[in-house]
Amino acid sequence: TRDAVKESRRPAEAEARTVKESPRHREDAREPKDSRRDGREATREAARDVARESKEETQVREATRESIRDRRAREPKQPEGERWTAVPPAQGQEDRVKREAQRVQERMRRKAQELEEQERWLVAEAEMSRQKARDQEHARKRRLEDEADSSMMLLDKLAGQQQQQQQQQQ
1 TRDAVKESRR PAEAEARTVK ESPRHREDAR EPKDSRRDGR EATREAARDV ARESKEETQV
61 REATRESIRD RRAREPKQPE GERWTAVPPA QGQEDRVKRE AQRVQERMRR KAQELEEQER
121 WLVAEAEMSR QKARDQEHAR KRRLEDEADS SMMLLDKLAG QQQQQQQQQQ
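Quick note on numbering: the sequence shown equals residues 1 to 170 in UniProt numbering.
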């Protein structure tokens, strides 16, 4: 069981090592400390950094989403007319045909904008779902590390009790 606990801690130790190697943590790395405690602290610090970045990204996404909603609310919605086919204009009808062509172009432009906006929303929603999955994975890893730490402490405590019992029997 100890081997399994050690195996489960290796990714956390690797992450802690990269955090300790950063310039911000070099001074801390020079001070002699309990290595297991350093690893846990570095892991927790890295988890806090990830959570902080995630929160900032979420706030930016929310602000973007609100601005898009506001823009949509300001734009007037007009029903689209029926589709038409090009017919050669009668005499004196050229201006009307030009206006109609401009309206059609404007509708097509609006439709293209709506499609682009929908695409941006889909991309944003996909990113949010990926971020949520990452957050859940980080939480699961953190929980597993905490369980491993508590298991190690329990094993150490049991080993200490066994040593005391052996000493009392002698």
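Virtual Cβ for every residue (Gly too), placed ideally from N, Cα, C. Note that the structure is predicted; figures quoted are calculated from it, not measured.
Residue 75 burial status per 10 Å Cβ neighbour count (16 or more: buried) | Label assigned to residue 75: exposed.
Evaluate contact between the region 41 to 55 and the region 131 to 148, counting only Cβ atoms and requiring at least three cross-stretch pairs below 8 Å.
-> With a cut-off of 8 Å on Cβ pairs, the region 41 to 55 is in contact with the region 131 to 148, counting three or more such pairs.
Beta carbon of residue 142 nearer than 7 Å to that of residue 63 = Going by C-beta atoms, residue 142 is not nearer than 7 Å to residue 63.
Exposure label - residue 114; buried when at least 16 CB within 10 Å | Residue burial annotation: residue 114 is exposed, with fewer than 16 other C-beta atoms found within 10 angstroms of its C-beta.
Where residue 169 falls: helix, strand or coil (DSSP) | Three-state result, residue 169: helix.
Please classify residue 101: is it buried, with 16 or more other beta-carbons within 10 angstroms of its beta-carbon, or exposed?
-> Exposed: under 16 other Cβ atoms inside 10 Å.
For residue 42, count neighbouring Cβ atoms within 10 angstroms of its own Cβ and tell me buried if that reaches 16, exposed if not.
-> Buried is the call here.
Helix, strand or coil: how does DSSP classify residue 19 here?
-> Here residue 19 scores only 49 on pLDDT, less than 50, and its place in the model is too uncertain to base an answer on.
Pull up the distance between the alpha-carbon of residue 120 and that of residue 68, whole angstroms please.
-> Computed Cα separation, rounded: 10 Å.
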